[in-house]
Each structure stands twice: as C-alpha cells, then as structure tokens.
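As structure tokens, the structure follows; a few thoughts come after it.
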Amino acid sequence: MRIDIITVLPEILNGPLDHSIIKRARDKGLAEIYIHNLRDYSDDKHRRVDDYSYSKGAGMVMAIRPIEKAVNSLKKERHYDEIIFTTPDGKLFDQKEANMLSMKKNIIILCGHYKGVDQRVRDHLITMEISIGDYVLTGGELAAAVITDSIIRLLPGVISDETSALSDSFQDNLLSPPVYTRPADYKGMKVPEILLSGNDKLIDDWKHQQAVERTKNLRPDLYQKYLKNNS
Ligand code: 6GU
Numbered sequence: 012m013r014i015d016i017i018t019v020l021p022e023i024l025n026g027p028l029d030h031s032i033i034k035r036a037r038d039k040g041l042a043e044i045y046i047h048n049l050r051d052y053s054d055d056k057h058r059r060v061d062d063y064s065y066s067k068g069a070g071m072v073m074a075i076r077p078i079e080k081a082v083n084s085l086k087k088e089r090h091y092d093e094i095i096f097t098t099p100d101g102k103l104f105d106q107k108e109a110n111m112l113s114m115k116k117n118i119i120i121l122c123g124h125y126k127g128v129d130q131r132v133r134d135h136l137i138t139m140e141i142s143i144g145d146y147v148l149t150g151g152e153l154a155a156a157v158i159t160d161s162i163i164r165l166l167p168g169v170i171s172d173e174t175s176a177l178s179d180s181f182q183d184n185l186l187s188p189p190v191y192t193r194p195a196d197y198k199g200m201k202v203p204e205i206l207l208s209g210n211d212k213l214i215d216d217w218k219h220q221q222a223v224e225r226t227k228n229l230r231p232d233l234y235q236k237y238l239k240n241n242s
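Letter 96 of the sequence shown, counting from 1, is numbered 107 in this note's numbering, and no numbers are missing.
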C-alpha cells in the first residue's frame, strides 16, 4: 500500500512515521509513505500556499492552486482510491475506518491548516474528510500520522502472528484484557492464579471475561455495540 501525505510541515510527519513497527513495514516494502511539501507546488516567490479569506476577519485560508497542482501531479502517476482531508469537522475516525482504508491500494492525505481550505478543494478534489476526535489540533499533521499508523499496522506481514492486529482492542468492540509479566509475585502484588495454571482454554475464557468486564465498566458505549453484534 502507498500513502502520499501533502503538508506544509513535513518535519512533523517524518519523526512519528520513521520508528518501530512502521519503520520496519517501510523497510520491508510492505508500506510506502511519501511526504510532500505543499510549498513545492506554490507559484509564489515566497512559496506561500495560503491567502486572505473572502469573509472578513476569518484568518488565512489554504488556496486551491497549489493543492490542485500537488494532487494532479500524483494522480498523473497512479490511481488513488481516496483523497482524504484532515479536519476537525470531518467524520470521526475509528477502527472500522482504519480497516477499510487498509484495504486500499493508494491514498492521499492532505493535512488541513490555518482557518481551513478553500471550500472548492473539499467540493471537487477531496473524497473523504476525517477528524480524529472532538478537540482541535493546530494542524492536520498529527492526525495524518495517527491515521497512517493505524492503517499500516493492519497490513499483512507488518505485525507478527502473536500480536496479531486481529486481537487488538476495538476489533470486536472489546477493550483488551489486562496483561502481566514476571515476577509472579512482586512485593505481595500477585499475578492472577489462573494465568499460572498452564490451562490455555481456562486462560482464554478468563481473558475474554476480563475484556467484557473492562469494556462494560470503562466504555459502556462500546459495550452496547459489542452486545448488539453478539446477540
Ligand atoms: Cl483531522 N485536524 C485538526 N486540525 N484538528 C483535529 C483533527 C484534525 N481531528 C481532531 N482535531
């Protein structure tokens, strides 16, 4: 899978997507991530990509010209399944969206900035608008990193079987059960007896029951979804 990210702050994105599991996925050729500086597509001698809003006092707006140039130069090379814009008023991102996007071949993510983007970009170039939560970030870069990370880890071969993405929290609308490692007794704080039993069937039942219990207590909204899917 290939993800092209268009941004005015490429420095922010390089760091988070160049470590650990995501770095390994890129090195193994399982994922290609390219970060493009929107300013490279500006015609302006100061490399500006924003301009004044037609509504007074509304702050700066990302202009359509450089964005269209950037998007078209990518589209000329290959077909894109989705062109995503990150914005606090987009559709709330969740595991289901991550699963859906992980099955695409090529996507573009345009990082929102300033007071937003010229509406004509959203109307004519963008196929999908995503928010990562009900709070405001200074720009779409961290959201793009979150979205990219959540997609890449789902690609076949990126995560080993033992830690399979299928057993992640949220895949079945359940939070993960608690986990423990050695020592079995640390200053009187003990690992639950059942995990030391060696009985895989009993341990699996216990983990599931813990996951259900945790979800019920911590995320009643998710628990309702879980009940609906399992009734
Ligand atoms: Cl995608 N962008 C910005 N700027 N803020 C956000 C967001 C996106 N998602 C939540 N807050």
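By construction, the Cβ of each residue, glycine as well, lies at the ideal position given by its N, Cα and C atoms.
> Since methionine 243 sits in a beta bridge, which residues does DSSP pair it with?
Replying inline: Outside the modelled stretch of the chain, which goes from 12 to 242, sits residue 243, for which no answer is possible.
> Can the beta-carbon of lysine 116 be found closer than 8 Å to that of aspartate 100?
Replying inline: The count along the sequence shown starts at 1 and reaches residue 116 at position 105. The count along the sequence shown starts at 1 and reaches residue 100 at position 89. In this structure, lysine 116 keeps its C-beta atom at 8 Å or more from the C-beta atom of aspartate 100.
> With respect to 7 Å, is the separation between the Cβ of proline 99 and the closest non-hydrogen atom of the ligand 6GU below this value?
Replying inline: Start at 1 with the first residue of the sequence shown, and residue 99 comes out as number 88. Indeed, a heavy atom of the ligand 6GU lies less than 7 Å from the Cβ.
> What do you get for alanine 109, buried or exposed, if any count of 16 or more other CB atoms within 10 angstroms of its CB means buried?
Replying inline: Working through the sequence shown from its first residue, we reach residue 109 at position 98. Counting Cβ neighbours within 10 Å, alanine 109 comes out buried, since at least 16 surround it.
> Do you know how far the Cα of valine 202 is from the Cα of histidine 47?
Replying inline: Residue numbering aside, residue 47 sits at position 36 when the sequence shown is read from its first letter. Residue numbering aside, residue 202 sits at position 191 when the sequence shown is read from its first letter. If I take the Cα positions, the gap works out to 49 Å.
>> Check for me: the alpha helix (DSSP H) holding serine 84 runs from which residue to which?
In response: Taking the first residue of the sequence shown as 1, we reach residue 84 at position 73. Where serine 84 is concerned, the enclosing alpha helix (DSSP H) stretches over 75 to 86.
> Hey, cysteine 122 and threonine 18 are a contact pair by Cβ (cut 8 Å); roughly how many whole angstroms apart?
Replying inline: In the sequence shown, residue 122 corresponds to position 111, counting from 1. In the sequence shown, residue 18 corresponds to position 7, counting from 1. About 4 Å separates the two Cβ atoms, so the contact holds.
>> Looking at the secondary structure, which residues open and close the alpha helix (DSSP H) in which tyrosine 237 lies?
In response: Translated into positions along the sequence shown, residue 237 becomes position 226. It spans 231 to 240 - the alpha helix (DSSP H) in which tyrosine 237 sits, taken as one unbroken run.
> Over what stretch of residues does the alpha helix (DSSP H) that includes histidine 135 continue unbroken?
Replying inline: As a first step, residue 135 is located in the sequence shown; it is residue number 124 there, counting from the start. Unbroken alpha helix (DSSP H) run through histidine 135: 130 to 135.
>> Closer than 7 Å to a non-hydrogen atom of the ligand 6GU - does that hold for the CB of glycine 127?
In response: Counting from 1 along the sequence shown, the entry for residue 127 is found at position 116. Within the chosen limit of 7 Å, the ligand 6GU does not reach the beta carbon of glycine 127 with any heavy atom.
>> So if DSSP puts valine 60 in a beta bridge, which residue, or which two residues, is it bridged to?
In response: Numbered from 1 along the sequence shown, position 49 holds the residue referred to as residue 60. Paired residues: none, contrary to the question.
>> By the DSSP assignment, the beta strand (DSSP E) with serine 142 in it spans what residues?
In response: If you number the sequence shown from 1, residue 142 lands on position 131. Serine 142 -> beta strand (DSSP E) spans 139 to 142.
> Does the Cβ of tyrosine 65 have 16 or more other Cβ atoms within 10 Å, making it buried, or fewer, making it exposed?
Replying inline: The sequence position of residue 65 within the sequence shown is 54, counting from 1. Exposed, because fewer than 16 other Cβ atoms sit within 10 Å of the Cβ of tyrosine 65.
> Could you check where the beta strand (DSSP E) with isoleucine 205 kicks off and where it finishes?
Replying inline: Here residue 205 refers to the residue found at position 194 of the sequence shown. Per DSSP, isoleucine 205 belongs to no beta strand (DSSP E) and is neither H nor E.
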